[in-house]
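**Student:** Sharing a structure below in structure tokens format, with a few things to ask.
Chains as they are written, first to last, in the numbering used here: chain A, 737 to 1325; chain B, 4 to 313.
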């Protein structure tokens, strides 16, 4: 109601002053009068802006006070020799740190610093004792002897019961752990996980506090490598049950037995780790604190933080690489362990079910061209096999002992195969093939390259189907593609982590490749205890993959990063905790 | 006035319900689901997970449960961050986005009105030309470019002085807020400047301003009472949606400056098909936007007496 009143009042005023209107209008014309008015209003603007800025500063002060209540702490320099602290950035924050349910790389990285399993990888990627002092792995049983000085961060000893509890929790159907399968070599693990047997039937038992007996489902020659995986980390039962379902959700919801503890975890903002004084091998650890003070997936932003001396390590991509080269920084690279490839759809309803068509495509692709002329990121190496170069064989590296089948682009053979394929299929010309790809700049570049290669070298038309991650997975699982850009990363340091991927029973075999011969070799590799026999089996698998053109290897992924020169001893690896700062130390610059 | 407010609020609730329903349907019609991950999982584990999240029920029942929980203010537990409630995610991260948003809008509003008035005063003179050129830049260059450039400028600035003048990224202190809020508010400020300029120009040449001047009112009074108050009206109109847009649209700025705001969760949730977080953040943002528009409409009545709220 007030509005209407004031409105009429104003209107009245305007009417009254309107009587003097002519004089005012005349006064606007001469410059002098106008000038004074401008000046007056100009200084008014000035006063107003000062007031405004004042209010703005006040508002900021108020808000900064409010934001401090939300508890995000400021961060220090990249490396601080006096306090033994390094500051780093994380690409994403761990979804949660319950080792039985963790699936992603970042969780693995953090867990690898705050937890310790029976064994761990050392700086040369060898398996060395962790909580277990020594172990014997037989055909049907593995015995782990636990050290007596391994402690939880509350001071209590780490016992065999803690391992049994964690493993049982992981296979319990109610936990619905996505990585439960990694425990399947343990007797009855699968049956328990599938709800067919009670959890008491699970094959791991604590003989006493420091002896862990594991019954095995089948002979398994790589069990020591398997138990280094985070799902095999221990959990203290009392503590787990006392968290009321929130185990791993926050810093206070975790008990640590590794080299570090989490001091502070502000979701989305910061994760700060301190040296764990209760850790049995604490003399191995040189850093006092690791502060993940920034969480951003923006590579450029991380590099800017690196330039500003705020983070000790920054990963590079194709764009930021150029920048780093200009700065003449020393670049470091490492093989991150994963292999990327074109996966064919082998379902009978698909044209790519036809071997001759796959062979035709195989003979026009050149991984070296893709890596050096299209992706152009140092660190990547052209793909030659499903098995990456870093895998160990009998004595040395697998790929040195069993080289990948030689591959060369051969247009004549390719067209020969294509003609046969067309005859067998009875279709000429072939309809466009569906090429499923991720939707990001890197994937776009690759899929467009392949589209061009297939069109110009084979005359095959390809339709690119770009999908974001989950949608691509859904389409892969449903088989709605002919070819897909896919990749695979290792879980443990044995060729089997790649070798069983295209077994007919493997759910990750999303192209639905079926071969009795390959399955037989996988079975040999799974249960043989003779290294030569196993590696022979992997070589046979390697040959089948090439001969049958199951997949076309594109590249083995490498990562390039810059590191603060004062920070030494950082270990990057394909399998296990990566990056690993447990052996890192700061030198005076 | 009260009747009008109630009417608008009811309309708002319907709008939010519509947003919730549309999002729910769109989300479920997208191929894939939140349980799908890099490594395929067995049927049994999948069933366990589905039961845990209630995805084994028919869609219509899920929708019913969802709506009922939403009415009670419970958005459920995130799929991607298995131990976090969506309510907690919003509660912990929205205030940060809001602080950033308020600062950006204060900066944008203040700058917009100031520069708008300035350009109108010095129409076709040097200040006007320079500012309007910058305004065109501000409107046409997206915030992620400004964010990257701004950050780079900070790196250079700190390197030049050899000490840390302003932090390059991060969150927690006053100094962390300056750069991101400037970057975030820049586009809106440019837009408001243009709006303010044209509305100011119109008013400066209006009868009542001329009258006020002619009867010898002090310039202060003319500027504040007669010009600014009237010219500010269109600015206020767009301020409401701008507040919502800035507060919710800071994703890129949050990413570049490593700020733990809600925007990142919103975008990540869509990528990960994290059903509960998508629903929670969309409905929350939707309700926020609707509420801001209502607030501005009510405010409009306060500023402009000619507007009657009916």
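Ideal Cβ positions, reconstructed from N, Cα and C, are used throughout, including at glycine.
What did DSSP end up calling residue 1019 of chain A once you bin it into helix, strand or coil?
**Tutor:** Looking up residue 1019 of chain A in the first chain gives position 283. If DSSP states are grouped into helix, strand and coil, residue 1019 of chain A belongs with the helices.
**Student:** Tell me the residue span of the alpha helix (DSSP H) that contains residue 257 of chain B.
**Tutor:** Numbered from 1 along the second chain, position 254 holds the residue referred to as residue 257 of chain B. Residue 257 of chain B -> alpha helix (DSSP H) spans 254 to 259.
**Student:** How do the stretch 1066 to 1077 of chain A and the stretch 1295 to 1311 of chain A stand: do at least 3 beta-carbon pairs fall below 8 angstroms, yes or no?
**Tutor:** In short, these stretches touch, since the Cβ pair count reaches three.
**Student:** Tell me which residues share the same chain as residue 1267 of chain A and place their Cβ nearer than 6 angstroms to its Cβ, disregarding the 5 neighbours each side in the sequence.
**Tutor:** Mapped onto the first chain, residue 1267 of chain A falls at position 531. Result list for residue 1267 of chain A: 1130, in chain order.
**Student:** Note down, in chain order, each residue of its chain lying with its Cβ closer than 6 angstroms to the Cβ of residue 307 of chain B, except the 5 sequence neighbours on either side.
**Tutor:** Residue mapping note: residue 307 of chain B aligns to position 304 of the second chain, counting from 1. Answer for residue 307 of chain B: 236, listed in chain order.
**Student:** Comparing the C-beta of residue 1084 of chain A with each C-beta of chain B, is any distance below 7 angstroms?
**Tutor:** Start at 1 with the first residue of the first chain, and residue 1084 of chain A comes out as number 348. Taking Cβ atoms only, chain B never reaches closer than 7 angstroms to residue 1084 of chain A, which makes this a no.
**Student:** In this structure, what does DSSP give as the bridge partners for residue 686 of chain A?
**Tutor:** Past the edges of chain A, shown from 737 to 1325, lies residue 686 of chain A, and the structure says nothing about it.
**Student:** To which residues of the same chain is residue 1133 of chain A closer than 8 angstroms at the C-beta, ignoring the five residues directly before and after it?
**Tutor:** Here residue 1133 of chain A is taken as the residue at index 397 of the first chain, counted from 1. If we look at residue 1133 of chain A and ignore the five residues flanking it on each side, its Cβ neighbours are 1125, 1126 and 1127.
**Student:** What's the call for residue 1136 of chain A, buried or exposed, on a 16-neighbour Cβ count within 10 Å?
**Tutor:** What you label residue 1136 of chain A is simply residue 400 of the first chain in a count that begins at 1. That one is exposed.
**Student:** Identify the contact partners of residue 40 of chain B in chain A, using a Cβ-Cβ distance below 8 angstroms as the criterion.
**Tutor:** Position 37 of the second chain, counted from the first residue, corresponds to residue 40 of chain B. Result: 839, 914 and 1209.
**Student:** Mind checking the stretch 1024 to 1043 of chain A against chain B and listing, in chain order, the residues whose C-beta falls within less than 8 angstroms of any C-beta there?
**Tutor:** Listed in sequence order: 1029, 1030, 1031, 1032, 1033, 1034, 1036, 1037, 1040, 1041 and 1043.
**Student:** For the stretch 273 to 301 of chain B, enumerate the residues whose C-beta is nearer than 7 angstroms to any C-beta of chain A, in chain order.
**Tutor:** Within the stretch 273 to 301 of chain B, the residues whose Cβ lies closer than 7 angstroms to some Cβ of chain A are 274, 275 and 276, listed in chain order.
**Student:** So, for residue 97 of chain B: in the same chain, excluding its five sequence neighbours on each side, which residues have a beta-carbon less than 6 angstroms away from its beta-carbon?
**Tutor:** To locate residue 97 of chain B, count along the second chain from 1; it is residue 94. Result list for residue 97 of chain B: 265, in chain order.
**Student:** Can you have a look at residue 205 of chain B and say buried or exposed, based on whether 16 or more other CB atoms are within 10 angstroms of its CB?
**Tutor:** Position 202 of the second chain, counting from 1, holds the residue named residue 205 of chain B. That one is exposed.
**Student:** Would you identify the three-state DSSP class for residue 1321 of chain A, choosing helix, strand or coil?
**Tutor:** Stepping through the first chain from its first residue, residue 1321 of chain A is reached at position 585. Note: residue 1321 of chain A maps to strand in three-state DSSP.
**Student:** Looking at the C-beta of residue 115 of chain B, does it have a partner C-beta in chain A at a distance below 7 angstroms?
**Tutor:** One-based indexing of the second chain puts residue 115 of chain B at position 112. No - not a single Cβ of chain A is within 7 angstroms of the one on residue 115 of chain B.
**Student:** Does DSSP classify residue 761 of chain A as helix, strand or coil?
**Tutor:** Residue 761 of chain A sits at position 25 when you count from the first residue of the first chain. Here residue 761 of chain A scores only 35 on pLDDT, less than 50, and its place in the model should not be relied on; the value that follows carries that caveat. In the structure shown, residue 761 of chain A sits in a helix (DSSP, three-state: H, G or I).
**Student:** Mind checking which residues open and close the alpha helix (DSSP H) that includes residue 39 of chain B?
**Tutor:** Along the second chain, one-based indexing puts residue 39 of chain B at 36. Unbroken run through residue 39 of chain B: none, as it is neither H nor E.
**Student:** Measure the alpha-carbon distance for residue 774 of chain A versus residue 124 of chain B and round it to whole angstroms.
**Tutor:** Taking the first residue of the first chain as position 1, residue 774 of chain A is located at position 38. Taking the first residue of the second chain as position 1, residue 124 of chain B is located at position 121. In this prediction, residue 774 of chain A has a pLDDT of 44, which is less than 50 and means its spatial position is unreliable; nothing more can be read from the coordinates.
**Student:** Alpha carbon to alpha carbon, how far is residue 865 of chain A from residue 1313 of chain A?
**Tutor:** Position 129 of the first chain, counting from 1, holds the residue named residue 865 of chain A. Position 577 of the first chain, counting from 1, holds the residue named residue 1313 of chain A. Rounded to the nearest angstrom, the two C-alpha atoms are 15 angstroms apart.
**Student:** Is the number of C-beta pairs between the stretch 1049 to 1062 of chain A and the stretch 1200 to 1216 of chain A that are closer than 8 angstroms three or more?
**Tutor:** No, they do not touch.
**Student:** Quick check: the Cα distance between residue 955 of chain A and residue 1262 of chain A, rounded to an integer number of angstroms?
**Tutor:** Within the first chain, the letter at position 219 stands for residue 955 of chain A. Within the first chain, the letter at position 526 stands for residue 1262 of chain A. C-alpha separation (whole angstroms): 8 angstroms.
**Student:** Could you check which residue in A:784, A:965, A:1043 and A:1145 has the C-alpha nearest to that of residue 815 of chain A?
**Tutor:** Within the first chain, the letter at position 79 stands for residue 815 of chain A. It is A:1043 whose Cα lies nearest to the Cα of residue 815 of chain A.
**Student:** Please compile the residues from chain A whose C-beta is within a distance smaller than 7 angstroms of the C-beta of residue 154 of chain B.
**Tutor:** Position 151 of the second chain, counted from the first residue, corresponds to residue 154 of chain B. Under the 7 angstroms cutoff, chain A gives 1037 and 1040.
**Student:** Which residue wins for smallest C-alpha separation from residue 1153 of chain A, given the options A:979, A:1100 and A:854?
**Tutor:** The residue you call residue 1153 of chain A lines up with position 417 of the first chain. Residue 1153 of chain A has its Cα closest to that of A:1100, out of A:979, A:1100 and A:854.
**Student:** Kindly indicate if chain A contains any beta-carbon less than 7 angstroms away from that of residue 90 of chain B.
**Tutor:** In the second chain, the residue the question calls residue 90 of chain B occupies position 87. It does not: the Cβ of residue 90 of chain B has no partner Cβ on chain A nearer than 7 angstroms.
**Student:** Taking beta-carbon pairs under 9 angstroms, can you tell me which members of the stretch 162 to 194 of chain B lie near chain A?
**Tutor:** Per Cβ criterion, the list reads 162, 167, 170, 171, 172, 173, 174, 175, 176, 177, 178, 179, 180, 181 and 184.
**Student:** Classify residue 287 of chain B: buried if its beta carbon has 16 or more other beta carbons within 10 angstroms, exposed otherwise.
**Tutor:** As a working note, residue 287 of chain B is residue 284 in the second chain. Buried: at least 16 other Cβ atoms inside 10 Å.
**Student:** Let me know if residue 32 of chain B comes out buried or exposed under the rule of 16 or more other beta-carbons within 10 Å of its beta-carbon.
**Tutor:** For the purposes of this step, residue 32 of chain B is taken as residue 29 along the second chain, with counting starting at 1. Exposed: under 16 other Cβ atoms inside 10 Å.
**Student:** If you draw a straight line from the C-alpha of residue 741 of chain A to the C-alpha of residue 305 of chain B, how long is it?
**Tutor:** In the first chain, counting from the first residue as 1, residue 741 of chain A sits at position 5. In the second chain, counting from the first residue as 1, residue 305 of chain B sits at position 302. Low local confidence applies: a pLDDT of 33 at residue 741 of chain A is under 50, so the model's placement there is unreliable, with the coordinate-based value given in what follows. If I take the Cα positions, the gap works out to 12 angstroms.
**Student:** By Cβ distance below 7 angstroms, which residues in the same chain neighbour residue 762 of chain A in space, the five residues on each side in sequence not counted?
**Tutor:** Stepping through the first chain from its first residue, residue 762 of chain A is reached at position 26. The predicted position of residue 762 of chain A is uncertain, since its pLDDT is 35 and thus under 50; a value taken from the coordinates is nonetheless stated next. Counting only Cβ-Cβ distances below 7 angstroms, and skipping sequence neighbours, we find nothing.
**Student:** What do you reckon, are the CB atoms on residue 1273 of chain A and residue 1260 of chain A nearer than 7 angstroms?
**Tutor:** Position 537 of the first chain, counted from the start, is the residue given in the question as residue 1273 of chain A. Position 524 of the first chain, counted from the start, is the residue given in the question as residue 1260 of chain A. Yes; because the gap between Cβ atoms is below 7 angstroms, this pair is in contact.
**Student:** Have a look at residue 230 of chain B and residue 179 of chain B and give me their C-alpha separation to the nearest angstrom.
**Tutor:** Locating residue 230 of chain B in the second chain gives position 227, where the first residue counts as 1. Locating residue 179 of chain B in the second chain gives position 176, where the first residue counts as 1. For residue 230 of chain B and residue 179 of chain B, the distance between alpha carbons rounds to 36 angstroms.
**Student:** Indicate the three-state DSSP secondary structure (helix, strand or coil) for residue 1302 of chain A in the structure shown.
**Tutor:** As a position in the first chain, residue 1302 of chain A is number 566, starting the count at 1. DSSP places residue 1302 of chain A in coil when its eight states are reduced to three.
**Student:** Who pairs with residue 1173 of chain A in a beta bridge, going by DSSP?
**Tutor:** Here residue 1173 of chain A refers to the residue found at position 437 when the first chain is read from its first residue. In DSSP, residue 1173 of chain A forms a bridge with A:1202.
**Student:** Would you give the residue range spanned by the beta strand (DSSP E) that residue 1074 of chain A belongs to?
**Tutor:** Taking the first residue of the first chain as position 1, residue 1074 of chain A is located at position 338. 1067 to 1080 is the extent of the beta strand (DSSP E) around residue 1074 of chain A.
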